Ligand SMILES: Cc1ncc(COP(=O)(O)O)c(C=O)c1O
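Residue numbers (the numbering used here): 65 to 730.
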């Protein structure tokens, strides 16, 4: 591979100094390139802050900047303001600040700031971005800058981000290990390779799936349960890249990550305020840990079969009414891409001493490009869970927990985390987290810029079919939430298919069966296309071509063949008669939802559900354990059961063609 070009901006308002430094650095870089073949340092001339910011926006290959602080002080390019702006666009850049002696002595009060003040200011601007962890800054004496040393420092900083401590060690181990007398039993694939029956599986998966599948017996690979070397280092690099104080790798998805945090904060019970439409793992945590839930009503867009965000007024009211809650849980962005204006929400929760968990399962890319910021950590969330595998390059189930909680007790957290962690974690998954972090840090900005271009091209192309239509925020968000500052993730495209004469499931099948294209999900009349880091221009061409062909059948007039909306507004949340945990684990019996006469079973009204009953899609519980069954809820569930629109009803059991559910035994 040819060396990777790495751009380093040299920013100074002092033209002679800048020119001299640049030519010395170019010579240093040439010597450096002869010694190291991996990347090629290219120093770029920047006369002002504006030029640097433009470079940062336009050139993804920019990895570092050298700033001549005295020559920027007092100018329109004030260094402190510049750092804030730069961090907002490219938080990952390594920065080298050249300061004069006066700066160190702090005797330039009018002309500029001391080193300590500068550091403090950077801290502040970083804090405004929601984290008081500044990016990495190296300080240099302006009068004594040695270009060869500066080249080494820059190279060292970038090489640090380019390291994947765990993945590198795994690779080295694979190439050095010979015989395995330890778990896993396939022993690097030896048990399958020559088998007449199962060698085909070995062939399909490839040798490295097997020889990277190792175990805690290999001590050089550290321990996920008690990291002290390469996993610890990989997690520290991840914390830096994602803007957290601490980051923990999770190999059982965000489903587990959410439970870990609820257990950590509410393991012995207590109140949690949560979005009714949050992922089922949060609902499961409420049952498991005996939490007292305060549900926030999800907004509903029944035209497109989507649940939206919780109205801000409802969040504020719940925080006001339940200041004794220990935790607030929201999803941002949601599966459909709704993203909250989180800063005021987090602030209101913190004002009452309530911790905030934001489920960013769908938003791990949020920090790496300004189009997606601020993300939850920027807005001050205490805990953030991310499925690194959903939008970035990690393997399925590979997730991260990011922590910014100032009162974080790492030992207690570790004990809670370890209760959910297998003692035989998948090492390829851990390596993929390490690699996904490296990618986000070194090329996240340019990759996301590319993804934004792909999403824009898809939008235009889909519009041009004249039949399919990409929904915008105004189509998707209920009107009453118009002032809540909700935004849409542009990488999640919800496409209305109703004018095609096909329902969304038919479009989904046609795309796969006729064109080999698999999309993310459907509602009754929308398909969702995810533009992940794996999106390519060729895939765009093929998808647009397929949609064009499907559209060529011509639009049908509105309403024709259009299937009924399966998602009607959820019935009002009924009261809780007991804690979900008590209802779920206590004595119970099954009772029919309907009556012999055909209506609802009147005898069920007032009973307490022992299970979660969830119409799927979209997967939001109509009943949770402990909730009283009302007429509205029973009628809603029976209507869903009988609608014949393919909706699954998790939690109901069908006996003799009739729906039954488990209720608490009075
Ligand atoms: C909002 C949300 N949170 C959490 C999860 C669970 O994530 P994982 O699949 O990584 O366990 C999902 C999965 O789809 C989700 O949509």
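Even for Gly, the Cβ is constructed at its ideal location relative to N, Cα and C. Predicted model only: the values in this text are computed from it and were never measured.
Here residue 253 is near residue 274, since their CB atoms are less than 8 Å apart. Taking C-beta atoms as the reference points, residue 104 and residue 68 count as a pair closer than 8 Å.
In the structure shown, residue 443 falls within a coil segment according to DSSP collapsed to helix, strand and coil. DSSP places residue 200 outside both helix and strand once states are collapsed to three, so it counts as coil. Beta-bridge annotation (DSSP): residue 711 is not paired with any residue. For residue 339, no alpha helix (DSSP H) encloses it; the enclosing beta strand (DSSP E) starts and ends at 334 to 339. Counting only the Cα atoms, residue 689 lies some 10 Å from residue 650. Between residue 266 and residue 256, the beta carbon gap of about 4 Å places them in contact (Cβ cut-off 8 Å).
CA-CA distance, residue 715 to residue 677, rounds to 4 Å.
At least one heavy atom of ligand 1 falls within 7 Å of the beta-carbon of residue 322.
Restricting attention to 669, 150, 592 and 379, the CA atom closest to the CA of residue 536 is found in 592. In the three-state scheme derived from DSSP, where H, G and I count as helix and E and B as strand, residue 515 is classed as helix. Runs of the beta strand (DSSP E) spanning 3 or more residues and lying entirely within the region 209 to 261 do not occur at all. When DSSP states are grouped into helix, strand and coil, residue 482 belongs to the helix group. Per the coordinates, the alpha-carbon of residue 289 lies some 30 Å from the alpha-carbon of residue 356. Secondary structure at residue 266: helix, using DSSP grouped into helix, strand and coil. The alpha-carbon of residue 503 is positioned some 33 Å away from that of residue 264. Sixteen is the threshold: when 16 or more other Cβ atoms of the shown chains lie within 10 Å of the Cβ of residue 107, as they do, the residue is buried.
Boundaries of the alpha helix (DSSP H) around residue 95: 79 to 99. If you draw a straight line from the Cα of residue 455 to the Cα of residue 611, it is about 23 Å long.
For residue 419, the enclosing beta strand (DSSP E) begins and ends at 419 to 423. The C-beta of residue 572 has 16 or more other C-beta atoms within 10 Å across all chains shown, which makes the residue buried. Under DSSP, the beta-bridge partners assigned to residue 311 are 466.
Annotation: residue 556 is outside any alpha helix (DSSP H); the continuous beta strand (DSSP E) that includes it extends over 556 to 560. By the neighbour-count definition (other C-beta atoms within 10 Å, threshold 16), residue 283 is an exposed residue. Membership of residue 158 in the beta strand (DSSP E) is indicated by the continuous run 158 to 163.
Residue 380 has its alpha-carbon roughly 11 Å from the corresponding atom of residue 387. Note on the region 329 to 399: whole beta strand (DSSP E) runs with a minimum of 3 residues are 334 to 339, 355 to 360 and 391 to 395, in chain order. Residues 635, 638, 686 and 687 of the same chain have their beta carbon placed closer than 7 Å to that of residue 697, with the five preceding and five following residues left out of the count. For residue 249, the closest alpha carbon among the candidates 679, 322 and 488 is that of 488. Around the CB of residue 426, 16 or more other CB atoms lie within 10 Å, so the residue is classed as buried. Your pair residue 669 and residue 695 checks out as a contact, with CB atoms roughly 6 Å apart and the cut at 8 Å. Of the residues 484, 339 and 202, the one whose Cα lies closest to the Cα of residue 421 is 339.
Of the heavy atoms belonging to ligand 1, none sits nearer than 7 Å to the Cβ of residue 401. Residue range 652 to 656 is occupied by the beta strand (DSSP E) that includes residue 656.
The C-alpha of residue 159 lies about 12 Å from the C-alpha of residue 148.
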